[in-house]
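For reference, the structure is listed below as structure tokens.
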Amino acid sequence: MYQKIMLPVDLNEEASWTKALPTAVALCRSFGATLHVVTVLPDYRMPLVGSYFPKDFAKKAHEAISQAQHEFIRDHVPEDITAQSVIVDGSPWEAIIKAAKKLEVDLIVMASHNKRKFADYVLGPNAEHVVHHSKISVMIVR
Numbered sequence: 032m033y034q035k036i037m038l039p040v041d042l043n044e045e046a047s048w049t050k051a052l053p054t055a056v057a058l059c060r061s062f063g064a065t066l067h068v069v070t071v072l073p074d075y076r077m078p079l080v081g082s083y084f085p086k087d088f089a090k091k092a093h094e095a096i097s098q099a100q101h102e103f104i105r106d107h108v109p110e111d112i113t114a115q116s117v118i119v120d121g122s123p124w125e126a127i128i129k130a131a132k133k134l135e136v137d138l139i140v141m142a143s144h145n146k147r148k149f150a151d152y153v154l155g156p157n158a159e160h161v162v163h164h165s166k167i168s169v170m171i172v173r
């Protein structure tokens, strides 16, 4: 049923993967699917924001995130699961949806935590936006 499963992960927020990762792994094992671990890097190249960072900041940030994500996969994804590291730029929910389309995934497995921050009240949680805007199946793990 599923061949490609996406797991969006915030490497700085353990709640983004502690419950969702075991679910994604179980689904990968059940269906023989590959796991695509996606981390979203904010877009530092926007003119208003970019002027405050050094010119090579985005490149260095990508390299650091790539290394951290590979370590995450090595430490947390079982060896019997084929996993791909994916880093995308932009707002989290939009970047997740775009990556899912580009990678042609069958399912997005995301965590939803009840920890509300001020930004969540203004913008709404990323998981909610992905559910409402994605044309791909989304499983929210609580």
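Under our numbering, read the sequence shown as residues 32 to 173, first letter to last.
Using N, Cα and C, we set each Cβ at its ideal position, and we do this for glycine too.
Spatial neighbours of residue i in its chain, beta-carbon cut-off 6 Å, leaving aside the 5 residues before and after
{"i": "residue 99", "result": "42"}
{"i": "residue 158", "result": "141, 143, 171"}
{"i": "residue 131", "result": "37, 139, 167"}
With 16 other Cβ atoms within 10 Å as the buried cut-off, status of residue i
{"i": "residue 32", "result": "exposed"}
{"i": "residue 95", "result": "exposed"}
Alpha-carbon to alpha-carbon, residue j and residue i
{"i": "residue 126", "j": "residue 71", "result": "7 Å"}
{"i": "residue 62", "j": "residue 102", "result": "25 Å"}
{"i": "residue 47", "j": "residue 165", "result": "19 Å"}
{"i": "residue 150", "j": "residue 119", "result": "Legend: pLDDT at residue 150 = 43, less than 50; position of this residue unreliable, value from coordinates given subsequently. Computed Cα separation, rounded: 21 Å."}
{"i": "residue 51", "j": "residue 93", "result": "24 Å"}
{"i": "residue 53", "j": "residue 87", "result": "36 Å"}
{"i": "residue 69", "j": "residue 85", "result": "25 Å"}
{"i": "residue 106", "j": "residue 64", "result": "19 Å"}
{"i": "residue 59", "j": "residue 133", "result": "19 Å"}
{"i": "residue 117", "j": "residue 44", "result": "17 Å"}
Contact set for residue i: own chain, Cβ-Cβ below 7 Å, skip 5 residues either direction
{"i": "residue 153", "result": "Only weak support exists for where residue 153 lies, its pLDDT of 36 falling under 50; the coordinates are left without a value."}
{"i": "residue 161", "result": "124, 127, 128, 139, 141, 169"}
{"i": "residue 136", "result": "35, 36, 37, 67, 167"}
First and last residue of the uninterrupted beta strand (DSSP E) at residue i
{"i": "residue 117", "result": "114–120"}
{"i": "residue 139", "result": "138–142"}
{"i": "residue 35", "result": "35–39"}
{"i": "residue 171", "result": "168–172"}
Contacts around residue i, its chain only, beta-carbon distance under 8 Å, and the 5 residues preceding and following it disregarded
{"i": "residue 56", "result": "66, 108, 109, 112"}
{"i": "residue 129", "result": "119, 121"}
Span of the alpha helix (DSSP H) around residue i
{"i": "residue 161", "result": "157–164"}
{"i": "residue 123", "result": "123–134"}
| query | Curious, which full-length alpha helix (DSSP H) runs of at least 4 residues does the stretch 43–100 contain? | reply | 51–62, 78–81
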